[in-house]
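**Q** Protein chains in written order, with my numbering: chain A, 23 to 172; chain B, 254 to 333. Here a beta-carbon is modelled for each residue, glycine too, at the ideal position from N, C-alpha and C.
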């Protein structure tokens, strides 16, 4: 009558109740919403309304992608490690397909500059991540410095 | 003769579109492999050292997002 064997299919990740991914994604979204008016305004002034609409769509897709990824990974961590692995890879494929579908739809739209859309998509994704890396690395290096914020 | 030229031009366009799709597919393979390695090693790390799970999940999430950026770059290069 020993302890029950640990199963990767049923054992949640340690500390799974902490919403770590969601916290990071909310932080990313907050930064994105801070930057959005500046980017959209600058593009509207320099390149016109088509570029501004494209930037709005690209920023919305990038932020939604982060939030969905965090929500799905957080849920999977609370279920089990095996589900976490499956959801991480499956989620990548599904989200990439969704982004591709949305981008193809945006390309067909009139009144949206597709080149600006693509450039803002990449720049926002990488820019927000690099920005987030600063605060995450600070939190990991000095956990007491930033309080609860990641 | 005109029909042949039209057909060739159409075929060239189709081939170019197909090649773009193949290129995008190839560009998505690398990040997929990277995410597989990343998550596999993260799960292993969490199993070996559960007290570090929070830190591992943080870096895992950011790593996935960075790997995904490669696929997005492949997508942009394909479509532009």
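Does DSSP classify residue 172 (chain A) as helix, strand or coil?
**A** Here the model assigns residue 172 (chain A) a pLDDT of 46, short of 50, so the residue's position is not dependable, and the following value carries that caveat. If DSSP states are grouped into helix, strand and coil, residue 172 (chain A) belongs with coil.
**Q** Going by C-alpha to C-alpha distance, which of B:329, B:313 and B:321 sits closest to residue 95 (chain A)?
**A** Nearest of B:329, B:313 and B:321 to residue 95 (chain A), Cα basis: B:313.
**Q** Starting from the beta carbon of residue 65 (chain A), find every residue of chain B whose beta carbon is closer than 7 Å, and list them in chain order.
**A** Neighbours of residue 65 (chain A) on chain B: none; closest Cβ ~17 Å, over 7 Å.
**Q** With a CB to CB cut of under 6 Å and the five nearest residues on each side skipped, what residues in its chain are close to residue 105 (chain A)?
**A** 98
**Q** Quick check: what's the CA-CA separation for residue 293 (chain B) versus residue 263 (chain B)?
**A** 45 Å
**Q** Can you pull the chain B residues whose beta carbon is under 8 Å from the beta carbon of residue 14 (chain A), in chain order?
**A** The question about residue 14 (chain A) has no answer here: the residues shown for chain A are numbered 23 through 172.
**Q** Can you check the region 37 to 99 of chain A for any alpha helix (DSSP H) of at least 4 residues that lies completely inside it and give the ranges in chain order?
**A** As summarised for the region 37 to 99 of chain A, the continuous alpha helix (DSSP H) elements at least 4 residues long and confined to that stretch are 42 to 69, given in chain order.
**Q** Report the option in A:136, A:50, A:42 and A:160 whose CA atom is closest to the CA atom of residue 147 (chain A).
**A** Answer by Cα proximity: A:50.
**Q** When the cut-off is 8 Å and only beta carbons count, does residue 46 (chain A) lie next to chain B?
**A** yes
**Q** Mind pulling the chain B residues with CB within less than 7 Å of residue 95 (chain A)?
**A** 314
**Q** State yes or no: is the C-beta of residue 282 (chain B) within less than 8 Å of the C-beta of residue 110 (chain A)?
**A** no
**Q** In angstroms, rounded to a whole number, what distance separates the CA positions of residue 291 (chain B) and residue 260 (chain B)?
**A** 47 Å
**Q** Just verifying my parser: in three-state terms, what is the DSSP assignment at residue 33 (chain A)?
**A** coil
**Q** Could you tell me the alpha carbon to alpha carbon distance between residue 316 (chain B) and residue 133 (chain A), rounded to whole angstroms?
**A** One C-alpha to the other measures close to 35 Å.
**Q** Excluding five sequence neighbours on each side, which residues of the same chain lie with their C-beta closer than 8 Å to the C-beta of residue 172 (chain A)?
**A** Residue placement at residue 172 (chain A) cannot be trusted, given a pLDDT of 46 that sits under 50; what the coordinates show is reported in the next sentence. Counting only Cβ-Cβ distances below 8 Å, and skipping sequence neighbours, we find 42, 45, 46, 49, 157, 158 and 161.
**Q** Can a CB atom of chain A be found closer than 8 Å to the CB of residue 270 (chain B)?
**A** Not closer than 8 Å to any Cβ of chain A, the Cβ of residue 270 (chain B) fails to qualify, so no.
**Q** If you reduce the DSSP assignment to three classes, tell me which class residue 259 (chain B) lands in.
**A** helix
**Q** Short of 8 Å in beta carbon distance, which residues of its chain neighbour residue 53 (chain A), apart from the five on each side in sequence? Order them along the chain.
**A** When the five nearest sequence neighbours on each side are left out, the beta carbons in the same chain lying within less than 8 Å of the beta carbon of residue 53 (chain A) are those of 150, 153 and 154, in order along the chain.
**Q** Do the CB positions of residue 36 (chain A) and residue 308 (chain B) come within less than 8 Å of each other?
**A** no
**Q** Determine the DSSP secondary structure at residue 132 (chain A), reduced to helix, strand or coil.
**A** coil
**Q** Tell me which same chain residues have a C-beta within less than 6 Å of the C-beta of residue 74 (chain A), skipping the five on either side of it?
**A** 62, 65 and 66
**Q** Does any residue of chain B have a CB that is nearer than 8 Å to the CB of residue 162 (chain A)?
**A** yes
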